[in-house]
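Notes follow once the structure below has been shown.
Numbering (my numbering), first residue to last: 49 to 289.
Shown next as structure tokens:
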């Protein structure tokens, strides 16, 4: 077991690709000869190095988010709800438990449940054993439960939760119909008056449209350019009483 909580690297394959392309662009740019077409000289090397630099910058921004930004974003999301400590909370796509554990630390008599299908493509080391290790190290074992469940087909009864949170999860569902079902499931398992906090870097307007279609009012936050990459947007919505 690691000595301190490890919340993994988001989209590790994307990060590696950005860095490799960036480095390759820098190296190849050193050796690419200029091409002269009539009076015009095209300097491929400079163009390749500029492109490589952009990819490297994006990789660096992803690392900054992984190591610093996502903790700020977790706190930002959880600050949207007026906690009493008695809430029942669901984290959809919990991964290594960042939001789940953050919510659990705000609970006294309440309880938090995290669900995931544990895809390592979406988060490095994504496995229930790794999440459980973080839960134990963070001292919230008595307030947290993990389940292996698909967000688009949850087993919870209607109105089970006071709060549902989800960050960078729903876009991983491959088809629009599945993403819509996941949003409707979140709406279903919320109690009347309960709040959903949904954050992602794309497709958020489509998620919000599903909630609006269920009669939920939607309030937008972001995009958050300073500490998330890709820049994340969030909306807050409550189930009508």
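The beta-carbon is built from N, C-alpha and C at its ideal position, and this holds for glycine as well.
Here residue 78 is exposed, its C-beta having fewer than 16 other C-beta atoms within 10 Å. Between residue 182 and residue 144, the C-beta gap is smaller than 9 Å, which places the two residues in contact. A check of alpha carbon separations from residue 161 across 189, 104 and 275 identifies 189 as the nearest. Taking a cut-off of 8 Å for Cβ pairs, the stretch 59-66 and the stretch 94-112 touch, as three or more such pairs fall below it. Here residue 247 is buried, its C-beta having at least 16 other C-beta atoms within 10 Å.
Rounded to the nearest whole angstrom, the C-alpha separation of residue 244 and residue 55 is 22 Å. Straight through space, the alpha carbons of residue 150 and residue 287 are spaced by roughly 23 Å. In the DSSP assignment, residue 182 falls outside any beta strand (DSSP E) and within the unbroken alpha helix (DSSP H) covering 176-185. Per the coordinates, the alpha-carbon of residue 206 lies some 13 Å from the alpha-carbon of residue 138. Our two residues, residue 168 and residue 218, have alpha carbons roughly 15 Å apart in a direct line. Contact between residue 213 and residue 242 does not hold, since their C-beta atoms are separated by about 11 Å, which reaches or exceeds 8 Å. Under the criterion of beta carbons closer than 8 Å, residue 159 and residue 184 do not qualify as touching, at roughly 16 Å. A Cβ-Cβ distance of about 18 Å is found for the pair residue 259 and residue 216, leaving them out of contact under the 8 Å criterion. Judged by DSSP in its simplified three-state form, residue 76 adopts helix. Here residue 269 really is in contact with residue 282; their C-beta atoms are around 4 Å apart, less than 8 Å. Look at the stretch 152-240 and you find these whole runs of alpha helix (DSSP H), each 4 residues long or longer: 176-185 and 224-237. Residue nearest to residue 142 within the set 125, 163 and 113 is 163 (criterion: CA-CA distance).
Leaving aside the five residues that flank residue 117 on each side, the residues in its chain whose CB is nearer than 6 Å to its CB run, in chain order, 275 and 276. Annotation for residue 134: 157 and 158 place their beta carbon closer than 6 Å to its own, counting only its chain and skipping 5 residues before and after. DSSP places residue 281 within a strand segment (E or B) once states are collapsed to three.
Of the residues 57, 196 and 278, the one whose Cα lies closest to the Cα of residue 177 is 196. Sequence-distant Cβ neighbours of residue 102 in its own chain, meaning closer than 8 Å and more than five residues away, are 70. For residue 126, the secondary structure class from DSSP, reduced to helix, strand or coil, is helix.
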